[in-house]
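Here is the structure we will look at.
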Amino acid sequence: MIKLKDFFSFKQNRFFWLNIIGMVVVILAAIGGTLFWLDAYTHHGQSYLVPNVKHKSLEQAQLLLQNQNMQGVVVDSTYVKELSPGIILEQKPEGGMRVKEGRTIYLTINTREVPRVRIPDIIDNSSVRQAAAKLKAMKFKLTEPELVPGEQDWVYGIKYRGKSLKSGDKVPFEAVLTLCIGNTHLRDSLATDTLGLNLGQESEAQVDDSWF
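When you read off a place in the sequence shown, starting at 1, and then add 20, the result is the number in this note's numbering.
Structure representation (structure tokens):
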């Protein structure tokens with residue numbers, strides 16, 4: 021039976037220990053090679069500065085990003101009237117950050133078309149004050165109202181460029197609208213005129229009858 025002292029003796033078990041040492045060397049070499057490959061594959065420690073592409077055209081932004089080994093992808097759009105259509109409004113990650121090669125930069129652009137907004141349900145359903153507040157909150161502009169016979173300050177219609185609208189119709193964002201609101205004086209005047217016309221017709225009919 022081999023003694024413990026002899027087992028750990030390099031001289032007594034030279035071949036065994038050479039195998040052990042060889043295995044350790046191979047394992048360490050494999051680990052080192054793997055780490056080196058991963059380091060090269062992932063560009064460990066190598067980063068690129070994200071350019072600031074806000075307020076640039078999409079074409080300019082893509083070129084700047086490509087020069088930094090990045091790609092830009094448009095993921096959203098919104099409308100800002102004061103800015104040119106198609107320019108970059110937001111980017112993620114932000115400009116100035118450092119990222120790895122090939123990183124995707126997500127872009128939000130200013131839409132090239134004026135968005136269209138639905139007319140809310142305010143016709144024959146709101147007072148002029150309620151309707152005006154709701155429309156202004158939606159960024160619509162209002163002209164002087166058009167008065168029509170009816171209940172005072174009640175909304176009977178909406179017009180855009182002279183065309184009557186109904187609830188749910190779409191018009192351009194920030195369109196200029198005209199509210200058609202009721203006016204009791206016009207209503208009473210119309211009623212008086214109608215009554216006078218009817219009385220006049222009755223008088224004429226009586227005169228005509230008197231001829232027979």
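We put the CB at the ideal spot given by N, CA and C, even for glycine. Bear in mind the structure is a predicted one, so any value in this text is a computation, not a measurement.
| task | May I ask which residues mark the beginning and end of the alpha helix (DSSP H) holding Gln82? | result | Along the sequence shown, read from residue 1 onward, the residue named residue 82 stands at position 62. Membership of Gln82 in the alpha helix (DSSP H) is indicated by the continuous run 78-87.
| message | Taking 6 angstroms as the limit between beta carbons, can you name the residues of its chain near Leu109, skipping five residues before and five after? | response | Here residue 109 corresponds to residue number 89 of the sequence shown, with the count starting at 1. Within the same chain, Leu109 has close Cβ partners Thr128, Asn130.
| said: Once DSSP output is grouped into helix, strand and coil, what is the label at Gly216? | reply: As a working note, residue 216 is residue 196 in the sequence shown. With a pLDDT of 49 at Gly216, under the threshold of 50, the modelled position of this residue cannot be trusted, and the question is left open.
| query | In whole angstroms, what separates the C-alpha of Gly53 from that of Glu121? | reply | Counting from one through the sequence shown, the residue named residue 53 turns up at place 33. Counting from one through the sequence shown, the residue named residue 121 turns up at place 101. About 22 angstroms.
| task | Kindly identify the DSSP beta-bridge partner or partners of Gln91. | result | In the sequence shown, residue 91 corresponds to position 71, counting from 1. For Gln91, the pairing in a beta bridge is given by DSSP as Thr124.
| query | Which residues in the same chain as Arg136 place their Cβ atom closer than 8 angstroms to its Cβ, once the five residues preceding and following it in sequence are excluded? | reply | Along the sequence shown, read from residue 1 onward, the residue named residue 136 stands at position 116. Result list for Arg136: Lys190, Val191, Pro192, Phe193, in chain order.
| Where does Arg149 fall in DSSP's three states? | What you label residue 149 is simply residue 129 of the sequence shown in a count that begins at 1. DSSP, read as helix, strand or coil, puts Arg149 in helix.
| message | In the DSSP assignment, the beta strand (DSSP E) including Lys190 goes from what residue to what residue? | response | For the purposes of this step, residue 190 is taken as the residue at position 170 of the sequence shown. First-last of the beta strand (DSSP E) with Lys190: 190-192.
| query | With which residues is Gly106 paired in a DSSP beta bridge? | reply | Translated into the one-based positions of the sequence shown, residue 106 becomes position 86. Gly106 is not bridged to any residue.
| field | Rounded C-alpha distance that separates Ala152 from Leu162 | value | What you label residue 152 is simply residue 132 of the sequence shown in a count that begins at 1. What you label residue 162 is simply residue 142 of the sequence shown in a count that begins at 1. Spanning the two alpha carbons is a distance of roughly 8 angstroms.
| field | Closest Cα partner of Leu233 within the set Ile142, Arg118, Leu78, Leu69 | value | Since the displayed the chain opens at 21 and closes at 232, residue 233 lies outside it and no answer follows.
| Given a threshold of 16 other Cβ atoms within 10 Å of its Cβ, counted over all protein chains shown, does Ser146 qualify as buried or as exposed? | Mapped onto the sequence shown, residue 146 falls at position 126. Classification for Ser146: buried.
| Measuring CA to CA, which of Pro105, Gln172, Glu102 is closest to Asn203? | The residue given as residue 203 occupies position 183 in the sequence shown. When each option's Cα is compared against that of Asn203, the closest is Gln172.
| message | Which residue wins for smallest C-alpha separation from Gln88, given the options Val45, Lys156, Pro165, Tyr68? | response | Taking the first residue of the sequence shown as position 1, residue 88 is located at position 68. The shortest CA-to-CA distance from Gln88 to any of Val45, Lys156, Pro165, Tyr68 is the one to Tyr68.
| request: Could you check what DSSP says for Ile40 in three-state terms: helix, strand or coil? | output: Counting from 1 along the sequence shown, the entry for residue 40 is found at position 20. Of the three classes helix, strand and coil, the one that applies to Ile40 here is helix, per DSSP.
| With respect to the beta strand (DSSP E) encompassing Thr198, which residues constitute its N-terminal and C-terminal limits? | Translated into positions along the sequence shown, residue 198 becomes position 178. The continuous beta strand (DSSP E) containing Thr198 extends over residues 196-203.
| query | Opposite Pro169 in the DSSP bridges: which residues? | reply | Sequence index remark: in the sequence shown, residue 169 carries index 149 (1-based). DSSP, once it has assigned bridges, lists Asn203 as partnering Pro169.
| task | Pull up the distance between the alpha-carbon of Leu167 and that of Val148, whole angstroms please. | result | Reading the sequence shown from its first residue, position 147 is the one you call residue 167. Reading the sequence shown from its first residue, position 128 is the one you call residue 148. Put simply, the backbone Cα of Leu167 is about 11 angstroms away from that of Val148.
| said: In the DSSP assignment, the beta strand (DSSP E) including Lys186 goes from what residue to what residue? | reply: Position 166 of the sequence shown, counted from the start, is the residue given in the question as residue 186. First-last for Lys186: undefined, no H or E at that position.
| message | Once DSSP output is grouped into helix, strand and coil, what is the label at Ile47? | response | Within the sequence shown, numbered from 1, the residue matching residue 47 stands at position 27. DSSP, read as helix, strand or coil, puts Ile47 in helix.
| field | Expected contact under 8 angstroms - CB spacing of Met117 and Val70 to nearest Å | value | For the purposes of this step, residue 117 is taken as the residue at position 97 of the sequence shown. For the purposes of this step, residue 70 is taken as the residue at position 50 of the sequence shown. 5 angstroms between Cβ atoms; contact.
| query | Roughly how far, in whole angstroms, is the beta-carbon of Asp144 from the beta-carbon of Tyr176, given that I think they are within contact range, below 8 angstroms? | reply | Here the question's residue 144 lines up with position 124 in the sequence shown. Here the question's residue 176 lines up with position 156 in the sequence shown. Their Cβ separation, rounded to whole angstroms, is 6 angstroms, which keeps Asp144 and Tyr176 in contact under 8 angstroms.
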